[in-house]
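Just so you know, the sequences run in chain order B, L, C and U.
Counting along the first sequence from 1, when you hit position 43 you're at 43 in our numbering, and nothing is skipped either side.
Counting from 1 along the second sequence, just add 1000 to a position and that's the residue number in our numbering.
Counting from 1 along the third sequence, just add 2000 to a position and that's the residue number in our numbering.
Counting from 1 along the fourth sequence, just add 3000 to a position and that's the residue number in our numbering.
Number of protein chains: 4
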Amino acid sequence: MDLKKIAEMQIKMDELHGFPVQFPTTQEKYQQLTKDLVGLFGEIGEFSNIVKKVNIKLDRPDEYPLELPEAENLLKEELVDSFIYIIRIGAILGIDLQAETLDKMRRNESRYAKLRRK
Amino acid sequence: MDLKKIAEMQIKMDELHGFPVQFPTTQEKYQQLTKDLVGLFGEIGEFSNIVKKVNIKLDRPDEYPLELPEAENLLKEELVDSFIYIIRIGAILGIDLQAETLDKMRRNESRYAKLRRK
Amino acid sequence: MDLKKIAEMQIKMDELHGFPVQFPTTQEKYQQLTKDLVGLFGEIGEFSNIVKKVNIKLDRPDEYPLELPEAENLLKEELVDSFIYIIRIGAILGIDLQAETLDKMRRNESRYAKLRRK
Amino acid sequence: MDLKKIAEMQIKMDELHGFPVQFPTTQEKYQQLTKDLVGLFGEIGEFSNIVKKVNIKLDRPDEYPLELPEAENLLKEELVDSFIYIIRIGAILGIDLQAETLDKMRRNESRYAKLRRK
Chain B
1 MDLKKIAEMQ IKMDELHGFP VQFPTTQEKY QQLTKDLVGL FGEIGEFSNI VKKVNIKLDR
61 PDEYPLELPE AENLLKEELV DSFIYIIRIG AILGIDLQAE TLDKMRRNES RYAKLRRK
Chain L
1001 MDLKKIAEMQ IKMDELHGFP VQFPTTQEKY QQLTKDLVGL FGEIGEFSNI VKKVNIKLDR
1061 PDEYPLELPE AENLLKEELV DSFIYIIRIG AILGIDLQAE TLDKMRRNES RYAKLRRK
Chain C
2001 MDLKKIAEMQ IKMDELHGFP VQFPTTQEKY QQLTKDLVGL FGEIGEFSNI VKKVNIKLDR
2061 PDEYPLELPE AENLLKEELV DSFIYIIRIG AILGIDLQAE TLDKMRRNES RYAKLRRK
Chain U
3001 MDLKKIAEMQ IKMDELHGFP VQFPTTQEKY QQLTKDLVGL FGEIGEFSNI VKKVNIKLDR
3061 PDEYPLELPE AENLLKEELV DSFIYIIRIG AILGIDLQAE TLDKMRRNES RYAKLRRK
């Protein structure tokens, strides 16, 4: 599905649940953006906590109880939650995430051309 | 464009530049994942620094020099960079970001149904 | 108690528990530093999740169940955990956190002198 | 120097520069706390960007230009800036960082006793 369409669906749902992405003043816009940035941090923090545990498990396999497949399921979940916050923050900023990402990928392609492996 | 297609393009480019997403051992996979998580943090940190400055500007408009349109251009750039890291981390974990996001949105829809505004 | 002494106590305990701060190679030093940085993200993420909830509570007092005093106890706990990671990362880098902080405060004092309120 | 004294000096300077840590309402307190949390993200993000570069340098020593001693000086600086934000956030929350850290260390000592190496 189009990234653009996915973003629209998510924002429509947010608005329905009382989390708008448009604001009457710049002040209110950045107050909400700042809060959502903290929300994004929370999700990436949860992701980080699981990565931390996987790393301890890999360093001390016999001492530390952790099921890797279960941990990877949780990582998936937290990564998706982080992505949803990025969609939301993008919408508050009025960014077309799809167009901007394609544009950045094009610019990175030239920028990193010298690293290309033959 | 399909999120799935965007992710594939990004990963193909990463691999071409010597940043693989597949690894012979779980150890090497998580070593790279941990490094890319730090990369994601860097991008979100840059985004945060700009938000911080916008907030100071909004609190002290006369004291603090900052051009909002320019700051918003930078915010756009850093958000896209963060998104590219999320694509990359998803690929290392073997996640189908598109399918998982649609699935999570469906589950959130039921979960937050009680918040729905009429 | 001296910050220097607090840091020493924490590091002695870490070493006792099998989390060294000195490494035979730069590679191993940065591998551990990178892991501990992810640990720090985890703690700040937990802190962020609680701040997020407090902010929702303040925005929607009647809809959202949260006890502020309990939330503040958790914030305290997560902030201290974040600080302990900063001590640990500082020790891996061989930083004298106390001396460097006092030095930075002195430099900030000159740098922000123009902001001083009369 | 006492951590308590260091924190007091930092807060006194913040207040002098127009960044208070006490607020008339809980709303204003958490608005500022949320902003300072974003400031902390910014500092840890800058720290992360340097760690990212050091890791690339260690992986690709011949391809990537970076002076390790210079990078470590920057890491020191960013870590101290992160610590100063932690002091500030602690003051907004009315936390006695020194007492709470010593208390947490004592609790960790019992909690991790089973990991102790002989």
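For each residue, glycine too, the CB sits at the ideal point set by N, CA and C.
Excluding its 5 nearest sequence neighbours in each direction, residue 2047/C has C-beta neighbours in its own chain below 7 Å: 2075, 2078, 2079, 2082, listed in chain order.
The beta carbon of residue 2055/C sits closer than 7 Å to some beta carbon of chain B. Contacts with chain B (Cβ-Cβ distance below 7 Å) from the segment 2035-2069 of chain C involve 2035, 2038, 2039, 2041, 2042, 2044, 2045, 2046, 2048, 2049, 2051, 2052, 2055, listed in chain order. Three or more beta-carbon pairs separated by less than 8 Å link the segment 1032-1045 of chain L to the segment 32-47 of chain B, which places the two stretches in contact. Using beta-carbon distances, residue 2080/C counts as an interface residue toward chain U, with a partner under 7 Å. With its beta carbon less than 7 Å from one in chain U, residue 2027/C belongs to the interface. When the Cα atoms are used, residue 89/B and residue 115/B turn out to be separated by approximately 32 Å.
When Cβ pairs closer than 8 Å are counted between the two stretches, the segment 3009-3022 of chain U is seen not to touch the segment 3050-3057 of chain U, the count staying below three. Going by beta carbons, residue 1038/L and residue 2037/C fall inside the 7 Å limit.
The three-state secondary structure of residue 1062/L, taken from DSSP, is coil. Under the three-state reduction of DSSP output, residue 96/B falls in the coil class, being neither helix nor strand. Residue environment for residue 1027/L: exposed (fewer than 16 other C-beta atoms within 10 angstroms of its C-beta). Nearest neighbour of residue 2064/C by Cα position, chosen from 1034/L, 1014/L, 1004/L, 1112/L, turns out to be 1112/L. Between residue 1008/L and chain B, the shortest Cβ-Cβ separation is not below 7 Å. The Cβ of residue 2116/C sits closer than 7 Å to at least one Cβ of chain U. The beta carbon of residue 66/B lies closer than 8 Å to those of 53, 54, 56, 57 in the same chain, with the five residues before and after it left out. Under a criterion of Cβ atoms nearer than 7 Å, the residues of chain B adjacent to residue 1076/L are, in order, 93, 95, 100. Taking 7 Å as the cut-off, the Cβ atoms of residue 2050/C and residue 2071/C count as close.
For residue 12/B, no chain L residue has a C-beta closer than 9 Å to its own C-beta; the minimum C-beta separation is roughly 10 Å. Taking every protein chain shown into account, the CB of residue 2099/C has fewer than 16 other CB atoms within 10 angstroms, so this residue is exposed. Within the model, the alpha-carbon separation for residue 2107/C versus residue 1029/L is close to 42 Å.
Taking the Cα positions, residue 1104/L is about 24 Å away from residue 1034/L. Excluding sequence positions up to five before and after residue 6/B, its CB lies within less than 8 Å of the CB of 87, all in the same chain and listed in chain order. By the Cβ-count criterion, residue 1014/L is buried, with 16 or more other Cβ atoms from all chains shown falling within 10 Å of its own Cβ.
Annotated as distal: residue 3040/U and residue 2003/C, with beta-carbon spacing of 7 Å or more.
In the DSSP assignment, residue 3014/U falls within the alpha helix (DSSP H) that extends over 3003-3016. In this structure residue 23/B touches residue 32/B by the C-beta definition: roughly 6 Å separates them, less than 8 Å. Burial state of residue 101/B is buried, judged by a 10 Å Cβ sphere holding 16 or more other Cβ atoms. Within chain C, the residues whose beta carbon sits less than 7 Å from that of residue 3083/U are 2086, 2097, 2101, listed in sequence order. In this structure, DSSP gives residue 2021/C a state outside helix and strand, which the three-state scheme calls coil. For residue 1012/L, there are no CB contacts under 8 Å within the same chain when 5 residues up- and downstream are skipped.
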